[in-house]
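Asks: What follows is a single structure, and I will ask about it in a moment.
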Amino acid sequence: MTTPGFIRELRENIGHQLLFLPGVSAVVLDDEDRVLLARRADDGRWSIIGGIPEPGEQPAEAAVREVHEETAVRCVPDRVLLVQTLQPVRYPNGDQCQYMDTCLRCRAVGGEARVNDDESVEVGWFALDDLPPLREFALTRIKLATTDAPTWFEPA
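Position in the sequence shown counted from 1, then plus 67, gives you this note's numbering.
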């Protein structure tokens, strides 16, 4: 994930301290109910698409932007799948972040899936019964996107 400029500016002032940030992820399905996945450049693993909203950007706008930036696929969001605070992460440079992920189900409406930036090394559509190895993060979200389950959140 490329670090947005506003976060680089914050880091100049606060160093590696923990930042609590919004995040978005998107389970994008096509007309054949295949899911759009990208093989990440940073760790080589397949995942759903995600990123960080810009200041003032709505989660749905951010999800649509991230999907297009990373895969060249145009999509429209149709449902919030999940809202979840993730565990803190420490990046190799020492930066610490914790994300509040809003995951949306989206429908592809155009574009050809391809690597469209430097965050991915491969992009593709996968049938639900032929997914590559995925972390629980992606599997949980794909499962929610392909059922009529209500929006998931951690109970109080």
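Each residue gets a CB set at the ideal place from its N, CA and C atoms; glycine is no exception.
Opposite G90 in the DSSP bridges: which residues?
Replies: Paired residues: D168.
Asks: With respect to the beta strand (DSSP E) encompassing P126, which residues constitute its N-terminal and C-terminal limits?
Replies: Where P126 is concerned, there is no enclosing beta strand (DSSP E), although the alpha helix (DSSP H) it sits in stretches over 126-138.
Asks: Does the region 108-115 come close enough to the region 171-178 that 3 or more CB-CB pairs lie under 8 Å?
Replies: With the cut-off at 8 Å, the region 171-178 and the region 108-115 do not touch.
Asks: Taking C-beta to C-beta, are C170 and I81 nearer than 9 Å?
Replies: No.
Asks: So what's G72 in DSSP terms, helix, strand or just coil?
Replies: Residue state, collapsed to three classes: helix.
Asks: Applying the criterion that 16 or more other CB atoms from any shown protein chain within 10 Å of the CB defines a buried residue, is E133 buried or exposed?
Replies: Label assigned to E133: buried.
Asks: Three Cβ pairs or more, each shorter than 8 Å: is that satisfied between the region 130-144 and the region 155-168?
Replies: Taking 8 Å as the limit for Cβ pairs, the verdict is that the region 155-168 does not touch the region 130-144.
Asks: Do L201 and L148 come within 9 Å of each other at the CB atom, strictly closer than that value?
Replies: Taking 9 Å as the Cβ cut-off, L148 and L201 do not qualify as a contacting pair.
Asks: Count the other CB atoms, across all protein chains shown, that sit within 10 Å of the CB of A205; report buried if there are 16 or more and exposed otherwise.
Replies: Under this definition A205 is a buried residue.
Asks: Per the DSSP calculation, T152 is bridged to which residue(s)?
Replies: In DSSP, T152 forms a bridge with M167.
Asks: Helix, strand or coil, according to DSSP, for A175 in the structure here?
Replies: In this structure, A175 counts as strand in the three-state DSSP scheme.
Asks: Taking the alpha-carbon of T69 as reference, which of E121, L103, A93, E128 has the nearest alpha-carbon?
Replies: Answer by Cα proximity: E121.
Asks: Could you check if T152 is buried or exposed, using at least 16 other CB atoms within 10 Å of its CB as the buried criterion?
Replies: T152 is exposed by the Cβ-count criterion.
Asks: Would D184 and E128 qualify as a contact pair, given that the criterion is a beta-carbon distance under 9 Å?
Replies: No, they are not a contact pair.
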